[in-house]
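Engineer:
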Amino acid sequence: MARMNCICGETLSNSAAPNDIQLRVYTDKEWDSILEVDIIEAWKFPLPTHDVWRCPKCERVYAFEPNNHTAIKVYKLEE
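Residues in the sequence shown are numbered consecutively from 1, following the working numbering.
Okay, here's the thing in structure tokens:
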């Protein structure tokens, strides 16, 4: 469970489950490997390599590497 402040000032947290902040984003290769194992139960799905959060206020997207609590990429919508 973590929390951080978005650049816009909104507090982001993934402590509630489910939540609208944390996204499950898999690369195409990660998704193919999951499907090859034939997993049916959702709780057995492996977590994606990168953690991705989206701010509900400004819609910025933050990408984190495993075991790193500092965003490695921040994406902002173009106007």
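Every residue gets a Cβ at the ideal spot worked out from N, C-alpha and C, and that includes glycine. These figures come from a predicted structure and were not determined experimentally.
1. Have a look at CYS80 and GLU36 and give me their C-alpha separation to the nearest angstrom.
2. Residue range of the alpha helix (DSSP H) that ASP28 falls in?
3. Return the chain-ordered list of same chain residues with a C-beta closer than 6 angstroms to the C-beta of LEU77, the five sequence neighbours on each side being excluded.
4. Return yes when the Cβ of THR49 is within less than 8 angstroms of the Cβ of GLU79, no when it is not.
5. Might you give, ordered along the chain, the residues of its own chain that have their beta carbon closer than 8 angstroms to the beta carbon of GLN22, omitting 5 neighbours on each side?
6. Buried or exposed: CYS8, going by 16 or more other Cβ atoms within 10 Å of its Cβ?
7. Nearest to TYR75 by alpha carbon, out of ASP28, ALA2 and VAL61?
8. By Cβ distance, which residues of its chain are closer than 6 angstroms to GLU65, with the 5 residues on each side in sequence left out?
Structural biologist: Put simply:
1. No answer is possible for residue 80: the residues shown for the chain start at 1 and end at 79.
2. Numbered from its first residue, the sequence shown carries residue 28 at position 28. Looking at the DSSP string, the run of the alpha helix (DSSP H) that includes ASP28 is 28–37.
3. The residue given as residue 77 occupies position 77 in the sequence shown. If you ignore the 5 residues before and after LEU77, its C-beta comes within less than 6 angstroms of the C-beta of GLU59, all in its own chain and listed in chain order.
4. Here residue 79 corresponds to residue number 79 of the sequence shown, with the count starting at 1. Here residue 49 corresponds to residue number 49 of the sequence shown, with the count starting at 1. Cβ atoms of GLU79 and THR49: not closer than 8 angstroms.
5. The residue you call residue 22 lines up with position 22 of the sequence shown. For GLN22, where only same-chain residues beyond five positions count, the Cβ hits under 8 angstroms are ASN14, ASP51, VAL52 and TRP53.
6. In the sequence shown, residue 8 corresponds to position 8, counting from 1. Exposed: under 16 other Cβ atoms inside 10 Å.
7. For the purposes of this step, residue 75 is taken as the residue at position 75 of the sequence shown. Among ASP28, ALA2 and VAL61, the Cα nearest to that of TYR75 belongs to VAL61.
8. Taking the first residue of the sequence shown as position 1, residue 65 is located at position 65. Only ILE72 meet the Cβ criterion.
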